[in-house]
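Residue numbering for the sequence shown follows the UniProt record's numbering, starting at 1 and increasing by one per position. In this text, a Cβ means the ideal position worked out from N, Cα and C, and glycines have one as well. Keep in mind the model is a prediction, meaning the values are calculated, not measured. Report on the structure given below.
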Amino acid sequence: MDSHVAQQRFLLLILSSTFLQGSSFVASKIVLSELPPLWLAALRFFVAALSLLPWLWLRHRARVAAGTAVPVKAMPWLRLTIIGLLQTTGVMAFLTMGLTQTSASKAAILMASNPLVVALLAGILLKERVRPLAWLGLLLAFAGVVVCIGVQSVMTGAIGAAEALVMAGSTCWALATLASKRFRLAVDTWTLAFWQMLIGAVTLALLAAWRGESFSLPAQTMLAFLWLAIPASTGAMGLWFAALHTGGAVRTSGFLFLCPFFAALITFAISGDMLSTHEMLGGVMIAVGIVLLSRTPAARPASHSSSRETSS
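This is the structure:
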């Protein structure tokens with residue numbers, strides 16, 4: 001594929017995914033007024049996975065006819081389970097619980113700190129060297145997260161539980177991103193999205209039942225829930241994995257700062273709520289840091305043995 005066409009495809013994928021992800025923070029706040037957090041996450045991704053079944057069934061029939069279908073026993077079940085537990089169970093359990101006590105805009109900004117976590121973990125787990133400009137970007141982005149939460153809260157150790165939960169979700173997302181790139185699964189984007197969402201949703205439902213959560217879904221929140229479950233989950237997840245395959249882990253994650261921008265834009269359009277001054281300042285610092293990070297050349301491995309991981 002021509003590099004210019006590939007770049008345009010990547011931008012279309014990642015912009016569509018981040019817009020849908022940004023909208024999910026707003027929709028989640030609406031539905032959380034009626035549903036407990038773990039059941040919201042479980043039902044959201046269970047419905048999202050089911051929405052993919054007709055498409056996957058048609059593709060499976062075509063592959064059976066062509067003799068290219070992958071046998072069930074040949075599927076990389078362990079690796080799919082690891083990604084599902086991180087990407088859906090871990091991220092959404094922490095995020096939805098955090099959203100019960102913090103704003104959609106702040107949660108989106110904290111989740112957008114994901115690129116610095118990805119870059120740091122890539123250096124630790126994949127032995128990728130971090131260049132000086134990237135370190136500057138990482139430090140600036142980290143400072144932006146501190147400003148977003150509130151400098152005084154960080155200095156006194158009084159970071160809210162909600163913010164800590166959201167950042168735990170961001171860490172799970174970073175680990176899932178690195179695992180997806182490291183595993184290089186021989187399954188297509190939508191099959192990966194289906195199985196990791198279904199595995200994660202079942203685990204979330206078990207956790208919700210274990211916690212004794214109960215739920216009902218009133219008709220007035222059904223529209224927000226359906227948007228959350230299908231475009232903002234099925235669509236966003238599939239587009240995210242496609243962009244990740246095209247653009248790489250650190251580069252793709254760098255665009256996550258667009259999520260709080262879209263979340264704030266949608267929130268303002270719906271209710272007129274604006275970000276506070278320190279949230280806007282922290283968001284700008286994270287954005288500049290991520291731009292610096294994304295402008296650095298591709299990281300090289302620290303040793304010859306790591307060349308396979310960075311060849312992607």
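For the putative contact between residue i and residue j, defined by C-beta atoms under 8 Å, what is the C-beta separation to the nearest angstrom?
i      : j      : result
Phe241 : Ala193 : 6 Å
Ala201 : Thr88  : 6 Å
Phe46  : Met92  : Phe46 to Met92, Cβ: 11 Å. No contact.
Phe25  : Ala263 : 4 Å
Leu265 : Val31  : Actually they are not in contact, since the Cβ atoms of Leu265 and Val31 sit about 20 Å apart, beyond 8 Å.
Thr246 : Arg9   : 7 Å
Please go through the same chain and pick out, in chain order, the residues whose beta-carbon is closer than 7 Å to the beta-carbon of residue i, but skip the five residues on each side of it.
i      : result
Trp190 : Leu52, Trp55, Leu56 and Gly238
Ala174 : Asn114, Val117, Val118 and Leu121
Arg79  : Phe183 and Leu185
Glu279 : Ser105, Lys106, Ile109 and Cys148
Leu136 : Leu292
Arg211 : Leu38
Val288 : Leu140
Phe142 : Leu116
Ala74  : none
Taking Cβ to Cβ, would you say residue i is nearer than 7 Å to residue j?
i      : j      : result
Thr18  : Cys259 : yes
Ser105 : Leu275 : yes
Ala176 : Leu13  : no
Leu204 : Ala41  : yes
Ile199 : Thr81  : yes
Leu166 : Gly98  : Rather than Leu, the amino acid found at residue 166 in this sequence is Val. Cβ atoms of Val166 and Gly98: closer than 7 Å.
Leu133 : Leu292 : yes
Ala249 : Leu20  : no
Ile286 : Gly254 : no
Pro36  : Phe215 : yes
Trp39  : Glu213 : yes
Leu86  : Cys172 : yes
Thr234 : Ala48  : yes
Ala161 : Phe94  : no
Who are the near neighbours of residue i in its chain, counting only those whose CB is closer than 6 Å to its CB and skipping five residues on each side?
i      : result
Phe281 : Reading off the sequence, residue 281 comes out as Leu, not Phe. The answer, listed in chain order, is Val147.
Met111 : Ser170
Glu34  : Pro218 and Thr221
Ala236 : Ser17, Leu20 and Gln21
Gly84  : Gln196, Ile199 and Gly200
Pro76  : Leu185
Val72  : none
Arg59  : none
Leu15  : none
Gly90  : Cys172
Leu226 : none
Ser23  : Ala232 and Ile266
Val187 : none
Classify residue i as buried or exposed, calling it buried when 16 or more other Cβ atoms lie within 10 Å of its own Cβ.
i      : result
Leu140 : buried
Arg251 : buried
Ala208 : buried
Trp195 : buried
Ala66  : exposed
Val64  : exposed
Gly144 : buried
Thr277 : exposed
Gly272 : exposed
Leu138 : buried
Ala224 : buried
Ser103 : buried
Ser3   : exposed
Gln7   : exposed
Which same chain residues, not among the five before or five after residue i, have their C-beta less than 8 Å away from its C-beta?
i      : result
Val284 : Gly144
Ile230 : Val47, Ala48 and Ser51
Leu206 : none
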